[in-house]
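First comes the structure, then the notes that go with it.
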Amino acid sequence: MNFEIFLERAKNCPKQRLAVASPEDESVLDAVLAAEREGLIEAILIGNEEIIRKMTHSEKIVNAQSTEEAAALAVGMIRAGEADILMKGLLDTRTLLRAVVNSETGIREQKLLSHITLFSLPDFPRLLAASDCAMVISPGIEEKRSIIENAALFMRRIGVRNPKIALISATEKTNPKLPSSVEASELTDHFRNEKDFMVALRDLTELNLKALDVVRSIIVRNVEKGLLPNYAKGLIDIKTQYNTIGVIGIYEAIKTFGYVKEDEFGNTFYTDEAFAFAKKLFSVIHTTKDHFALDKDYMINVEAIPGESAAAKMQAADEILYPETVVKDLPLYGNQFIPLGIKTTLHERIRIASAFDEYCNGGSILHVNIEAPFQNKEQAWNMLDYITDQGVTYFAFNTKIQACEYNHAFFGKKCPECGGPVATEYTRIVGFYTPIKTWSKKRKEEYELREWEDFSNEQEVRVG
Ligand SMILES: [Zn+2]
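185 is the number that my numbering gives to position 117 of the sequence shown; each next residue is one higher, with no gaps.
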């Protein structure tokens with residue numbers, strides 16, 4: 069495999085807009101114009117207009133007074149979606165990178181930026197990539213993990229579906245005197261475990277899809293036999309109904325890999341690795357279902373479900389099957405990205421929900437637990453505006469409702485209607501409020517651990 073293959077593949081891609089920062093250089097322009105002649109790109113040249121005009125007849129030129137400005141303009145175009153690819157011309161790497169990593173105007177997505185060199189060797193059948201050869205000077209194990217993640221993502225994006233990764237150290241065997249060999253061995257275990265997990269997830273998703281398919285064909289047959297009056301009378305149409313993959317225990321899965329951490333106040337948060345892992349996890353589920361759906365005449369979606377009974381049973385099963393690694397922070401597996409019984413901030417719940425709502429196209433719900441009712445409408449609207457502004461699609465304010473023995477609903481310790489004490493409390497686990505006394509034993513235990521936000525003493529709602 070050599071670089072020619074990129075040329076072939078690029079010809080099948082839509083034409084890309086290339087933003088070149090400081091192209092006032094013969095070899096840079098030669099490359100850009102060659103790609104343009106091949107019809108692969110549309111170049112936007114950003115730099116000293118006067119000089120560029122003398123060198124080329126290119127039409128799209130954006131004037132910049134300095135290399136700093138050229139870098140900022142080029143990065144700005146990528147950020148604004150006006151260009152697709154950023155190219156470095158005749159300017160310092162440092163200047164370009166400063167624009168890339170700018171926290172206000174830059175385009176950095178990952179925590180760590182790393183460098184990749186691609187090799188095509190005449191007598192070797194595959195492409196070789198080496199990383200990191202230029203940016204991360206003395207990486208620790210965390211940085212090495214990020215470098216590998218970045219490199220694997222890059223290779224997948226250029227069409228290598230299963231990149232093989234080798235860690236290079238001075239010896240092939242682990243030697244405690246050579247830290248890089250020890251880290252290489254740890255990293256190998258880590259990625260092997262993660263890969264095994266994703267493969268198992270794919271297989272189980274497939275099994276799930278097959279089981280759902282069977283259930284669906286039974287329903288379809290019963291509809292045809294006229295056994296289901298709602299369908300027979302036209303109240304429900306099976307064609308509009310999804311098969312749904314339910315998801316629970318995301319938090320526990322991520323925690324197994326050590327990506328969930330606690331801050332100095334004991335608040336749980338997702339690390340960057342947690343976000344990357346969860347995205348990978350959802351993408352495995354989605355890719356599997358999309359593939360499965362290809363020859364089906366119905367749609368499949370993914371939903372974060374409460375799985376009331378499954379959540380407890382699965383945890384009990386994992387305790388028997390995987391006693392060493394089971395995460396048992398709560399009496400049953402959670403359906404929230406950080407379960408309600410785990411101490412965290414509302415801000416963190418919102419941050420996570422906004423990142424993952426889109427993967428749950430069948431729905432998910434961020435529960436915002438509120439101890440006392442809102443003081444007034446304005447307070448509630450402020451809160452609602454804040455959460456939607458963060459990009460959360462599905463959420464619910466869960467207040468507690470107390471009830472006396474006659475089922476008068478109120479908030480407080482004494483019924484304002486009959487003066488009786490609190491007999492039960494209502495809140496929601498699913499789409500509606502139910503009395504806690506009717507909940508399962510495990511769910512009741514979990515309920516006791518929940519944290520509740522209290523806005524009753526605040527003038528306005530402030531979060532984050
Ligand atoms: Zn009452």
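Using N, Cα and C, we set each Cβ at its ideal position, and we do this for glycine too. Computed from a predicted structure; not experimentally measured.
- In this model, residue 173 and residue 144 are separated by some 7 Å (Cα to Cα).
- Residue 276 sits away from residue 306, with the two beta carbons spaced by 7 Å or more.
- Beta-bridge partners assigned by DSSP to residue 155: 88.
- Boundaries around residue 463 are those of the beta strand (DSSP E), 463-467, since no alpha helix (DSSP H) includes it.
- When rounded, the separation of the alpha-carbon atoms in residue 183 and residue 136 is 21 Å.
- Judged by DSSP secondary structure, residue 292 falls within the alpha helix (DSSP H) whose first and last residues are 247-292.
- When C-beta atoms of the stretch 491-501 are compared with those of the stretch 451-471, three or more pairs fall below 8 Å, so the two segments count as touching.
- In this structure, residue 250 sits away from residue 239, with a CB-CB distance that is not shorter than 7 Å.
- Counting only residues of its own chain and dropping the five nearest sequence neighbours on each side, residue 304 has a CB closer than 7 Å to the CB of 298.
- DSSP places residue 144 within a helical segment (H, G or I) once states are collapsed to three.
- About 4 Å separates the CB atoms of residue 520 and residue 439; that is less than 8 Å, so the two are in contact.
- The stretch 360-369 makes no contact with the stretch 341-351: fewer than 3 CB pairs, one atom from each, lie closer than 8 Å.
- Taking the C-beta atoms as reference points, residue 154 is found nearer than 7 Å to residue 146.
- Selection around ligand 1 by beta-carbon proximity, strictly under 6 Å to any non-hydrogen atom, yields 472, 474, 476, 483, 485, 486, 488 in chain order.
- Per DSSP, residue 354 lies in no beta strand (DSSP E); the unbroken alpha helix (DSSP H) holding it starts and ends at 340-361.
- Approximately 6 Å separates the beta-carbon atoms of residue 436 and residue 463; this is inside 8 Å, confirming the contact.
- Apart from the 5 residues on each side of it in sequence, residue 481 sits with its Cβ closer than 8 Å to the Cβ of 470, 489, 490 in its chain, given in chain order.
- Residue pairing of residue 474 in beta bridges, as defined by DSSP: absent, with no partner found.
- Counting the other CB atoms within 10 Å of its CB gives residue 234 a total below 16, which places it among the exposed residues.
- Look at residue 172 here: in three-state DSSP terms it is coil, with no helix or strand label.
- Closest in alpha carbon position to residue 102, among 115, 124, 90, 119, is 124.
- Sixteen is the threshold: since fewer than 16 other Cβ atoms of the shown chains lie within 10 Å of the Cβ of residue 308, the residue is exposed.
- For residue 513, no beta strand (DSSP E) encloses it; the enclosing alpha helix (DSSP H) starts and ends at 509-517.
- At a cut-off of 4 residues, the continuous stretches assigned as alpha helix (DSSP H) that sit fully inside the stretch 158-222 are 161-169.
- Spatial neighbours of residue 244 in its own chain (CB-CB distance under 8 Å, excluding positions within 5 residues in sequence) are listed in chain order as 250.
- Cβ-Cβ distances below 7 Å link residue 156 to 89, 164 in the same chain, with the five nearest sequence neighbours on each side left out; the list follows chain order.
- Nearest Cα to residue 392 within the set 405, 443, 324: 324.
- For the set 340, 138, 259, 516, the Cα lying nearest the Cα of residue 408 is the one of 516.
- Close CB contacts of residue 108 within its chain, under the 6 Å cut and outside five residues either way in sequence, are with 78 (chain order).
- Here the C-alpha atom of residue 91 lies approximately 47 Å from the C-alpha atom of residue 318.
- Between residue 458 and residue 432, the C-beta spacing is not below 7 Å.
- If the five residues before and after residue 486 are omitted, its C-beta is found closer than 7 Å to the C-beta atoms of 472, 474, 476, all from its own chain and listed in chain order.
- Beta-carbon to beta-carbon, residue 204 and residue 215 are separated by about 6 Å, close enough to satisfy the 8 Å threshold.
- In this structure, the alpha-carbon of residue 452 lies about 10 Å from that of residue 445.
- For residue 485, the three-state secondary structure derived from DSSP is coil.
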